[in-house]
């Protein structure tokens with residue numbers, strides 16, 4: 019069963035503490051071609067799927083760098099007045115996730131940077147916290163039953179190196195070519211990207227129905 023609750027502003031006390039700053043990139047620029055309809059604004063709880071992804075990230079991170087593209091004006095109108103959300107427009111969003119991540123990297127100078135996507139609305143703050151406590155000089159991937167998922171945590175040095183690197187067909191492969199570690203977590207929510215009608219119905223039913231081996235690769239492409 020999906021037991022993750024959407025976090026509220028009252029959860030702010032659980033955010034990262036101390037002098038180190040952490041931002042979270044959330045990509046929301048794509049066409050939603052596998053869903054067949056624009057997935058970011060699909061209803062979920064009292065809001066939308068993207069609302070949930072933002073709330074969960076902001077329960078721990080200080081800011082979200084939200085990358086928009088397709089129907090970006092609508093997302094900018096919805097979130098643009100928030101101080102804890104920075105809107106970044108990717109004019110090349112049809113080139114894939116790598117182009118969106120490159121746009122977002124230029125907008126953050128944080129000490130650590132999480133990366134996830136708007137179609138993973140069930141990631142609990144405890145996952146962010148586990149990665150944060152394990153932080154260091156390596157890329158960190160949360161893993162459930164051996165499968166790497168989201169969010170990914172990068173130190174500033176590797177975020178800067180990725181921003182300076184040539185465009186990557188697979189950001190995940192680039193990251194895995196650098197020092198990285200898997201951090202085991204208890205929840206399959208890190209793998210539950212809601213990008214098909216069947217996944218959306220499972221989300222609404224409160225059931226993570228797909229087994230890990232049936233899920234498309236949920237780590238960074």
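Residue numbers (my numbering): 19 to 239.
Where is the CB? At the ideal position from N, CA and C, for every residue including glycine.
Small disclaimer: the values here were computed from a predicted structure and weren't measured.
query	result
Does the segment 139-147 touch the segment 197-207, meaning 3 or more C-beta pairs lie closer than 8 Å?	yes
Tell me whether residue 90 sits in a helix, a strand or coil according to DSSP, three-state version.	helix
Quick one: what does DSSP say residue 176 is sitting in, helix, strand or coil?	helix
Assuming residue 48 contacts residue 111 under a Cβ cut-off of 8 Å, what Cβ separation, rounded to an integer in Å, is found between them?	6 Å
Consult DSSP for residue 77 and reduce its assignment to one of helix, strand or coil.	coil
Can you tell me which of 71, 74, 91 and 106 puts its alpha carbon nearest to the alpha carbon of residue 264?	In the structure as shown, the chain starts at 19 and stops at 239, and residue 264 therefore has no counterpart that could be examined.
Confirm the yes/no value for this check: CB of residue 135, any heavy atom of the ligand SAM, distance under 7 Å.	The model on display carries no ligand, and the ligand SAM is accordingly not part of it.
Could you tell me the alpha carbon to alpha carbon distance between residue 61 and residue 108, rounded to whole angstroms?	24 Å
Looking at the structure shown, is residue 185 part of a helix, part of a strand, or coil, going by DSSP?	coil
Pull the bridge partners of residue 125 from the DSSP assignment, please.	Note: residue 125 sits in no beta bridge, so no partner.
When the Cα atoms are used, what is the spatial distance from residue 241 to residue 113?	Because the chain spans 19 through 239 in this model, residue 241 falls outside it and cannot be assessed.
Given a threshold of 16 other Cβ atoms within 10 Å of its Cβ, counted over all protein chains shown, does residue 69 qualify as buried or as exposed?	buried
For residue 160, count neighbouring C-beta atoms within 10 Å of its own C-beta (all shown protein chains included) and say buried if the count is 16 or more, exposed if not.	buried
If you draw a straight line from the alpha carbon of residue 185 to that of residue 117, how long is it in whole angstroms?	7 Å
Checking 8 Å against the spacing of the C-beta atoms, do residue 43 and residue 122 come in under that value?	yes
On the criterion of 16 or more Cβ atoms from any shown chain inside 10 Å, does residue 190 qualify as buried, or is it exposed?	buried
Going by DSSP, what residue range makes up the alpha helix (DSSP H) through residue 146?	143-151
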